Amino acid sequence: MKKLFKMNSSVTIDEFAFIRITGPYSLLKLGPDYAAVRSGDHIIEATGEDLIVETLSEELAVFSFETISTVNIKEIKDGQGAYDS
1 MKKLFKMNSS VTIDEFAFIR ITGPYSLLKL GPDYAAVRSG DHIIEATGED
51 LIVETLSEEL AVFSFETIST VNIKEIKDGQ GAYDS
């Protein structure tokens with residue numbers, strides 16, 4: 001299916017329990033209490049209790065936690081790998 005328009009990325013945190021990423025992304029790491037996603041030039045890392053992956057589709061990811069304890073957003077510089085210092 002051909003896309004009619006290009007969607008910009010958006011990250012929403014709702015009720016300190018849900019993280020919704022809309023737009024192009026790639027899943028980097030997933031564990032029982034954390035998720036790491038790359039969206040554009042940024043890496044979003046979230047940690048919390050009881051992670052449930054609600055949706056993982058081409059341009060939408062929804063993660064829910066009982067509660068989110070930390071969220072880190074890092075900008076990736078040109079030529080820098082996803083987890084380089």
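Counting in the UniProt record's numbering, the sequence shown runs from 1 upward without gaps. The beta-carbon is built from N, C-alpha and C at its ideal position, and this holds for glycine as well. Everything numeric in this text was worked out from a predicted model, so none of it was measured.
Supposed contact pair residue j and residue i - C-beta distance, whole angstroms, cut 8 Å
i	j	result
A17	V37	In fact, because the Cβ distance is near 17 Å, the residues do not count as touching under 8 Å.
D50	F65	6 Å
Extent of the continuous beta strand (DSSP E) run through residue i
i	result
K29	26-30
L56	52-57
F16	No beta strand (DSSP E) contains F16, which DSSP labels as neither H nor E.
S39	34-39
G48	42-49
Helix, strand or coil at residue i according to DSSP, with G and I counted as helix
i	result
M1	With a pLDDT of only 49 at M1, under 50, the local geometry of the prediction cannot be trusted, and the value read off the model is given with reservation. Three-state result, M1: coil.
I68	strand
K77	coil
R20	strand
S10	strand
Nearest to residue i (by Cα), restricted to the options the options
i	options	result
L30	E66, V11, L56, T22	L56
E75	A46, G40, I52	G40
G48	E59, E54, D33, E58	D33
V53	A35, I13, N8	A35
E58	I43, L27, E15	L27
Y25	E15, H42, D78	H42
Proximity below 9 Å, CB of residue i to CB of residue j
i	j	result
I68	V11	no
E45	T22	no
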